Each structure stands twice: as C-alpha cells, then as structure tokens.
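Residue numbers (the working numbering): 16 to 195.
Beta carbons: idealized from backbone N, C-alpha and C, even for Gly.
All figures in this text were calculated on a predicted structure; none of them were measured in a lab.
Presented below is the structure to which this report refers.
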C-alpha cells in the first residue's frame, strides 16, 4: 500500500528521469504514470514506475523508470488465452539497468535484491544494459532487474501486455497498486 502523497512525489521524481533521458510527454501521459510498489510497502527497494503508451491486441510500448537500486521483482509472463506469453525487448535509454535471466550465474552480481526477499530471486545470469543497449526476453522467461547507482530509464517494446497475468516468485506481491 502507498499513500497518495508518496505516489504523487514518486510520479514527479519519475518526470525528472524522463527529462534526463530526453523523453517528452504530453500532460495526459504525465498524469498516466503508474507507480507500482507491488503491495510490499518498500517502493525504493521493490518497485517500478511505468508509462504505457500503447497496449493493443498485438503490441505494447512502455517506458520504465527505476530509481537508484530499485528492483522490479522476479517474474515471468506465462501463456495467456492460448497465446505464448509476452515477448519483450528492454532498451536502456538512460543510466544503467542490471537484468537477470536464466543461465550461468554471475560470479559477483552487480545488483542486490532486498535482503529480506532474497529467497525469491532464483535467476542470476547478469545482463548489463547501458544507454543504447537492448535485450530481448522470450515468453515465460523468469527475469528481474534493478536500476544502477543513478537509476535507469528503459523503453519496453513487447507483444500484448497482460500485467495481471504475470507470475511473481515472491507470493507477497500484488501487481496493482493500492493507494491509501
């Protein structure tokens, strides 16, 4: 749960990140920025700010903002309604993002999930994305990601997004924000 004043504060901070990345938004888009605290009440550790430009039956385009050290918890996009699940490409626009997927674990990962939730992070193959770099995730692939020391702005291009169907490794997560 997140208070309305905290939600508004983080929305404003998110606009600052979009400005750093040179991303211009309409007033309607500014108002549509979502602050996702995943129901954990620890937004600076586990959270994500996002703006969905388009989510049609076929494609989706979003901007994601991660504060410094902020983590989007481990999850996957399973098959939905006979489809294969969401395929997504992350393109770093500003800052650094650490992305973790199945594969050979990093010997010394650069990101650190919240210590009290560490048991819910199971994939440790590290992909480091700097501005201008991108990585594509196939449907139903476990992944999590974290903003670097200055945070990050990431464009997401994907097939249709059905966030409510995402499966998180941490059973305490609630995808939709609850505002007090």
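inquiry  = With a threshold of 7 Å on Cβ separation, who are the neighbours of residue 155 within its own chain once the five nearest residues in sequence on each side are excluded?
reply    = 91, 92, 93, 94 and 100
query = Do residue 175 and residue 75 have their C-beta atoms closer together than 9 Å?
reply = yes
ask   = Do the stretch 45-53 and the stretch 148-165 meet, that is, are 3 or more Cβ pairs less than 8 Å apart?
value = The stretch 148-165 and the stretch 45-53 do not touch, with fewer than three beta-carbon pairs separated by less than 8 Å.
query = Opposite residue 162 in the DSSP bridges: which residues?
reply = 112
task = Would you give the residue range spanned by the alpha helix (DSSP H) that residue 30 belongs to?
result = According to the DSSP assignment, residue 30 belongs to the alpha helix (DSSP H) that extends over 19-35.
inquiry  = Under 8 Å: do the stretch 166-175 and the stretch 74-88 share three or more Cβ pairs, one atom per stretch?
reply    = yes
query = Looking at residue 185 and residue 89, is the spacing between their C-beta atoms short of 9 Å?
reply = With contacts defined as CB atoms closer than 9 Å, residue 89 and residue 185 qualify as a contacting pair.
request  = Let me know if residue 85 comes out buried or exposed under the rule of 16 or more other beta-carbons within 10 Å of its beta-carbon.
outcome  = buried
ask   = When you compare only the Cα positions, how much space is there between residue 163 and residue 144?
value = 10 Å
inquiry  = Helix, strand or coil, according to DSSP, for residue 71 in the structure here?
reply    = coil
task = Can you check the stretch 99-149 for any alpha helix (DSSP H) of at least 4 residues that lies completely inside it and give the ranges in chain order?
result = none
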